[in-house]
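Colleague: Numbering (this note's numbering), first residue to last: 50 to 393.
Shown below is the structure under consideration.
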């Protein structure tokens with residue numbers, strides 16, 4: 050396993066991280082807490098993974114509790130990243146929630162401090178290495194008080210690096226651009242980015258390079274919701290509780306056509322590993338968060354770090370394919386958030 054530093058800090062993280070969404074929410078298959086803890090420990094002890102990303106809303110704190118159980122007594126050996134912003138403590142909102150619908154968000158200073166205290170309690174620690182505001186919107190980007198609260202908590206030693214996570218769906222371009230412009234000392238951004246879905250992630254990286262020089266990226270949806278794992282075909286049927294089951298059939302059929310143009314990447318490694326190496330070719334990417342939901346995937350993805358880097362020719366060929374949507378004609382992507390500049 051290779052490691053990278055969060056710029057301006059001593060926080061060193063594995064190029065392949067582990068997001069606990071797959072273990073704590075049930076949206077990628079059910080896992081018991083015992084199974085989750087075993088997989089987390091194995092990721093660290095056997096494969097060198099030390100960056101673990103979670104959120105207070107993952108299973109209403111379940112992801113954080115799983116991490117505490119997995120690494121009790123080994124806190125200094127791992128890096129905890131968590132997210133706050135959804136009011137998981139409002140019973141009425143919880144009762145009214147359906148499926149993956151978003152809960153109400155709260156970012157006032159008192160709530161943020163309360164939420165951080167609860168995260169610390171569940172993680173059984175006195176500090177959070179990386180804290181990100183969960184799925185922020187433009188109104189939050191433009192509220193300076195929110196970001197000042199994060200700075201204060203960093204000064205107090207409660208958090209090491211602060212930043213923002215954008216989602217849940219792909220988009221949010223100018224939310225990220227404005228955040229980098231307004232809060233140029235931001236430490237990290239979590240976003241969707243992968244070979245098949247390069248926009249707007251590439252533009253977000255370009256914005257950070259210009260205005261937020263110490264901002265690095267931790268990448269989720271690294272495999273385009275599993276498409277780049279190279280394991281699906283036209284007959285694939287997703288489980289009833291799998292969120293991909295609710296996507297249009299064209300997502301699968303068009304995705305398979307795109308993936309078949311990438312066969313040249315699989316001579317020295319799997320497509321899943323090559324997809325991670327493509328991300329890691331970008332210097333501002335500090336770690337990647339593939340969806341890991343079984344031991345076979347853990348072994349495959351963790352091994353990607355030590356594979357040979359993609360060649361310049363391979364990178365250029367991918368860029369050429371992406372410029373023409375991998376030869377597939379389809380309806381334009383429906384992006385969320387602000388995709389055109391809008392003044393405050």
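Beta carbons are placed, not taken as given, at the ideal position from N, Cα and C, and that holds for glycine.
So, does the stretch 101-117 touch the stretch 367-383, judging by three or more C-beta pairs under 8 Å?
Modeller: No: fewer than three Cβ pairs fall under 8 Å.
Colleague: Between residue 304 and residue 273, which are expected to be in contact by the criterion C-beta below 8 Å, what is the C-beta distance as a whole number of angstroms?
Modeller: Going by Cβ atoms, the distance from residue 304 to residue 273 rounds to 7 Å, so yes, they are a contact pair.
Colleague: Would you call the CB atoms of residue 324 and residue 370 closer than 8 Å?
Modeller: Contact flag unset, no.
Colleague: I'd like to check one pair, residue 134 with residue 185: are the Cβ atoms closer than 8 Å?
Modeller: Yes.
Colleague: Relative to the C-alpha of residue 152, which candidate in 158, 161, 142, 160 has its C-alpha closest?
Modeller: Here the closest residue by C-alpha is 142.
Colleague: What is the rounded straight-line gap between the Cα of residue 59 and the Cα of residue 388?
Modeller: Cα to Cα, residue 59 sits roughly 35 Å from residue 388.
Colleague: Between the Cα of residue 310 and the Cα atoms of 89, 208, 374, which residue gives the shortest distance?
Modeller: Looking at the Cα atoms, 374 is the closest of the given residues.
Colleague: List the DSSP bridge partners of residue 301.
Modeller: Bridge partners of residue 301: none, in fact.
Colleague: Give me the DSSP bridge partner(s) of residue 52.
Modeller: According to DSSP, which records beta bridges pairwise, residue 52 is partnered with 63.
Colleague: Suppose you measure from the CA of residue 226 to the CA of residue 82; what does that come to, to the nearest Å?
Modeller: Their Cα atoms are separated by approximately 38 Å.
Colleague: Taking its Cβ as the centre, do 16 or more other Cβ atoms sit within 10 Å of residue 116, making it buried, or is it exposed?
Modeller: Flag for residue 116 reads buried.
Colleague: Cα-Cα, which of 386, 282, 360 is closest to residue 218?
Modeller: Per the Cα distances, 386.
Colleague: Just curious, the beta strand (DSSP E) that residue 213 is in, first and last residue?
Modeller: Taken as a continuous stretch (DSSP letters only), the beta strand (DSSP E) holding residue 213 covers 208-214.
Colleague: Taking 8 Å as the threshold (C-beta atoms), are residue 336 and residue 101 in contact?
Modeller: Cβ atoms of residue 101 and residue 336: not closer than 8 Å.
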